[in-house]
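Notes follow the structure.
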Amino acid sequence: MAEFDQPPLSHPADPAPRAGFARGLSGAAVLAALALASAAAPLMADGSAIHRLDADPVAAALLDGRGSLSFALLAGVLGGALGIGWALLAGLLGNLMSDRAERRTIGVANRLIGLPLALLVPLAGGLLDDVWPLALVTALTAAPAVAALAHAELSALMRAEFLTAARAAGLPEHEVLRRHLLPNALRPLLAAGMLALPRVLAAESFASLLGLGLPPALGSWGASIGLAARLGDPLAFAPPALLLALALWAACAIADSAVAGNRKPGPYSP
0 MAEFDQPPLS HPADPAPRAG FARGLSGAAV LAALALASAA APLMADGSAI HRLDADPVAA
60 ALLDGRGSLS FALLAGVLGG ALGIGWALLA GLLGNLMSDR AERRTIGVAN RLIGLPLALL
120 VPLAGGLLDD VWPLALVTAL TAAPAVAALA HAELSALMRA EFLTAARAAG LPEHEVLRRH
180 LLPNALRPLL AAGMLALPRV LAAESFASLL GLGLPPALGS WGASIGLAAR LGDPLAFAPP
240 ALLLALALWA ACAIADSAVA GNRKPGPYSP
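In structure tokens:
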């Protein structure tokens with residue numbers, strides 16, 4: 000029985016990062032497939048316009064996906080940029096003024112995360128007729144979460160040992176910034192920005208479900224679900240509901256994989 004008391008020769012690899020990467024890759028594949036199918040949906044119309052409750056609800060749902068996915072991409076990019084800018088502003092205020100100013104700036108984002116900001120989207124949809132202001136309001140609902148995560152990642156990066164070692168080695172501050180800080184900050188910032196995509200897609204779908212989201216001419220999965228539910232048509236309800244669920248899962252999988260992948264050790268250094 001002594002042989003069973005020997006320690007293992009090697010530890011098994013942690014399957015979590017690999018599983019997270021596979022989930023993110025699956026989400027990206029699903030989202031890309033939905034985008035391509037939505038872009039090709041007019042080919043299914045045989046030259047005629049497909050309305051939401053026509054004889055081909057699948058093609059109609061794919062046509063609506065063009066509006067939902069395009070708007071989610073626009074608002075997601077805006078929300079990610081606003082959140083990352085928020086985090087960078089907090090860090091800049093901390094360097095120029097005081098840690099208190101930094102804490103107050105990012106504290107606003109932390110407090111806003113707990114509020115139902117998604118309710119602002121149907122309010123804006125009822126008051127505004129243009130897509131761009133609606134996209135900006137939708138982006139603002141996702142920006143606090145992006146800012147909080149981006150600030151946390153940047154704060155952890157600033158305390159990293161390789162930056163301390165570079166400064167201790169006498170490397171000038173601009174070289175530390177160029178060679179170490181900026182390359183290693185890019186991945187966590189992009190990972191934080193990914194959080195905006197599922198949030199803006201869910202917020203727009205909720206607003207369109209109430210009839211206060213995207214204009215009817217653009218089409219939206221949320222609007223199609225709401226219309227089919229009010230008419231009591233399960234055949235028209237199922238395709239947009241399924242496609243929206245797939246898109247939300249894919250967006251969440253991509254965001255979770257990006258955040259988890261950023262936790263891997265090993266700084267970049269040229």
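Counting from 1, position 210 in the sequence shown corresponds to residue 209 in numbering that gives the first Met the number 0; the numbering is continuous, with no gaps. Glycine is no exception: its CB is placed at the ideal position from the N, C-alpha and C atoms. Keep in mind the model is a prediction, meaning the values are calculated, not measured.
The stretch 206-222 makes contact with the stretch 123-138; the number of CB pairs closer than 8 Å reaches 3 or more.
Contact annotation: Ala257 and Gly23 have beta-carbon atoms nearer than 8 Å.
Counting only runs of 4 or more residues that sit fully inside the stretch 30-95, the alpha helix (DSSP H) segments are 56-95, in chain order. Between the C-alpha atoms of Ala206 and Ile83 there is a straight-line separation of about 25 Å.
Assignment of Asp255 by DSSP, reduced to helix, strand and coil, places it in the helix class. Around Leu119, the same chain offers Val136, Thr140 as residues with beta carbons nearer than 7 Å, after the five sequence neighbours per side are excluded.
The continuous alpha helix (DSSP H) containing Met157 extends over residues 130-157. With fewer than 16 other Cβ atoms from the protein chains shown falling within 10 Å of its own Cβ, Arg103 counts as exposed.
Of the residues Ala28, Pro56, Ala27, the one whose Cα lies closest to the Cα of Ala40 is Pro56. Rounded to whole angstroms, Asn183 and Ala28 show a C-alpha spacing of 27 Å. Bounds of the alpha helix (DSSP H) holding Ala195 are 195-208.
Per DSSP, reduced to three states, the secondary structure at Pro239 is helical. By the neighbour-count criterion, in which a residue is buried when 16 or more other Cβ atoms sit within 10 angstroms of its Cβ, Ser97 is exposed.
With respect to the C-alpha of Ala202, the residue from Leu122, Trp85, Ala36 having the closest C-alpha is Leu122. Remark: three or more beta-carbon pairs, one from each stretch, lie closer than 8 Å, so the stretch 227-247 and the stretch 56-69 are flagged as touching. Contact between Leu194 and Ala144 is confirmed by a C-beta separation of about 5 Å, below the 8 Å threshold. Note on Ile112: under 16 other CB atoms within 10 angstroms of its CB, so exposed under the neighbour-count rule.
The continuous alpha helix (DSSP H) containing Ser223 extends over residues 220-230. Taking the Cβ atoms as the reference, Ala142 lies roughly 6 Å from Trp85, within the contact range of under 8 Å. Gly78 counts as buried, since no fewer than 16 other beta carbons sit within 10 angstroms of its beta carbon. Here Gly124 carries a helix assignment [DSSP, helix/strand/coil]. A direct Cα-to-Cα measurement between Ser25 and Ala34 gives close to 14 Å. DSSP places Leu111 within a helical segment (H, G or I) once states are collapsed to three. Taking the Cα positions, Ser223 is about 44 Å away from Glu101. Shown here, Ser25 sits in a helix according to DSSP, grouped into three states. Annotation: Leu73 to Ala31 spans about 16 Å, alpha carbon to alpha carbon. Its Cα nearest to that of Ala155, the residue Gly90 stands out among Ser219, Ala134, Gly90.
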